[in-house]
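Participant:
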Amino acid sequence: MARAGLFFSAAGRVHPAYHSPSFSILLLSSWSALLVLSGRYEQLFTYVIFANWILYAMSTASVILLRRRKPDMPRPYRTFGYPVLPVLFVLGAAGLVVSTLFKSPRESLLGLALIAAGIPFYLRWKRRISG
């Protein structure tokens with residue numbers, strides 16, 4: 612992503628001697644340490660799983676939308692049980708997200724805040740690429 616201009620350029624550098632993304636490793640390690648020190652395991656688990664289910668639902672819904680909007684596009688992968696299984700999956704994922712919102716509202720809202728924290732970065736890099 613960094614090499615494509617969609618993330619901090621430093622994250623795209625590779626160490627000349629070790630051929631590893633050393634800055635990226637330090638960045639990810641720092642972020643992980645911050646999250647680990649900020650709460651209990653259950654809270655962190657809820658943040659991540661909650662966000663994952665939102666993204667899983669969005670990914671599956673995008674398959675449905677893409678197939679409707681671009682029916683002539685090549686389909687190298689066939690979706691098993693399409694459209695019934697993807698729709699059921701999206702509904703199930705939405706149910707899990709709503710259930711988590713009610714069961715763990717604080718952690719769910721913090722998970723949403725973590726996702727939302729990326730929006731300014733996305734808009735900045737999107738503007739940089741298109742402009």
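In this text, residue positions in the sequence shown follow my numbering: the first is 612, and each later residue adds one.
Even for Gly, the Cβ is constructed at its ideal location relative to N, Cα and C.
Helix, strand or coil: which one does DSSP assign to V625?
Facilitator: Looking up residue 625 in the sequence shown gives position 14. If DSSP states are grouped into helix, strand and coil, V625 belongs with coil.
Participant: Looking at C-alpha atoms only, which residue of L712, K681, P716, I675 is the closest neighbour of L696?
Facilitator: As a first step, residue 696 must be located in the sequence shown, where it is residue number 85. With distances taken between Cα atoms, L696 lies closest to I675.
Participant: Closer than 7 Å by C-beta to A638: which residues in its own chain qualify, once you throw out the five before and the five after it? Chain order, please.
Facilitator: As a position in the sequence shown, residue 638 is number 27, starting the count at 1. Sequence check: residue 638 is Leu here, not Ala. Hits under 7 Å: A622.
Participant: Pull up the distance between the alpha-carbon of D683 and that of F700, whole angstroms please.
Facilitator: In the sequence shown, residue 683 corresponds to position 72, counting from 1. In the sequence shown, residue 700 corresponds to position 89, counting from 1. Their Cα atoms are separated by approximately 24 Å.
Participant: From S620 to A628, what distance separates their C-alpha atoms?
Facilitator: As a working mapping, residue 620 is identified with position 9 in the sequence shown. As a working mapping, residue 628 is identified with position 17 in the sequence shown. Their Cα atoms are separated by approximately 19 Å.
Participant: Between the alpha carbons of G616 and Y733, how many angstroms are there, rounded?
Facilitator: Against the sequence shown, residue 616 aligns to sequence position 5. Against the sequence shown, residue 733 aligns to sequence position 122. Approximately 11 Å between the Cα atoms of the pair.
Participant: Compute the distance between the beta-carbons of A704 and Y658, then report whether it is under 7 Å.
Facilitator: Against the sequence shown, residue 704 aligns to sequence position 93. Against the sequence shown, residue 658 aligns to sequence position 47. No, the pair does not count as a contact, with Cβ atoms beyond the cut-off.
Participant: Drop a sphere of 10 angstroms on the beta-carbon of L721, count the other beta-carbons inside from all chains shown, and report buried for 16 or more, exposed for fewer.
Facilitator: Taking the first residue of the sequence shown as 1, we reach residue 721 at position 110. Buried, since its Cβ has 16 or more Cβ neighbours within 10 Å.
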